[in-house]
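Asks: My questions will all concern the structure given below.
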Amino acid sequence: MNWQEHIVSTPDVLKGKPRLKGTRIPVSLILGYLANGATTEDLRREFPDLKQEDVAACLSYARDLSEFEVTV
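By my numbering, the letter at position 71 of the sequence shown is numbered 86, and the numbering carries on one by one without gaps.
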């Protein structure tokens, strides 16, 4: 999954928070729903324009962030 095809961040929309391309839906919102037990079907009912690939992109994005190493 190439999350870069689905997730963008621009300073003029949502103050630069990562969001699904073509929407104002922040990645953090999708991840929050998933963390609270929502299924992809639940998300698609709540956000009818959401695609399965969008949800997968959010998870892939989170995985990549979790692998980020900070050197102090």
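Glycine included, C-beta positions come from ideal geometry on N, C-alpha and C.
Hey, could you find the ends of the alpha helix (DSSP H) Ala72 is sitting in?
Replies: 67-81 is the span of the alpha helix (DSSP H), which, as asked, contains Ala72.
Asks: Span of the alpha helix (DSSP H) holding Val85?
Replies: Premise fails: Val85 is in no alpha helix (DSSP H) and is neither H nor E.
Asks: Mapping DSSP to helix, strand and coil, what is Arg60?
Replies: helix
Asks: Can you tell me whether DSSP reads Val28 as helix, strand or coil?
Replies: coil
Asks: Grab me the residues of Ser24's own chain with a C-beta within less than 6 Å of its C-beta, minus the 5 sequence neighbours each way, in chain order.
Replies: The beta carbon of Ser24 is closer than 6 Å to those of Gly31, Pro33 in its chain, skipping five residues each way along the sequence.
Asks: Mind checking who Pro33 pairs with in its DSSP beta bridge?
Replies: None; Pro33 has no bridge partner.
Asks: Quick one: using the 10 Å Cβ neighbour count with 16 as the cut-off for buried, is Ala72 buried or exposed?
Replies: buried
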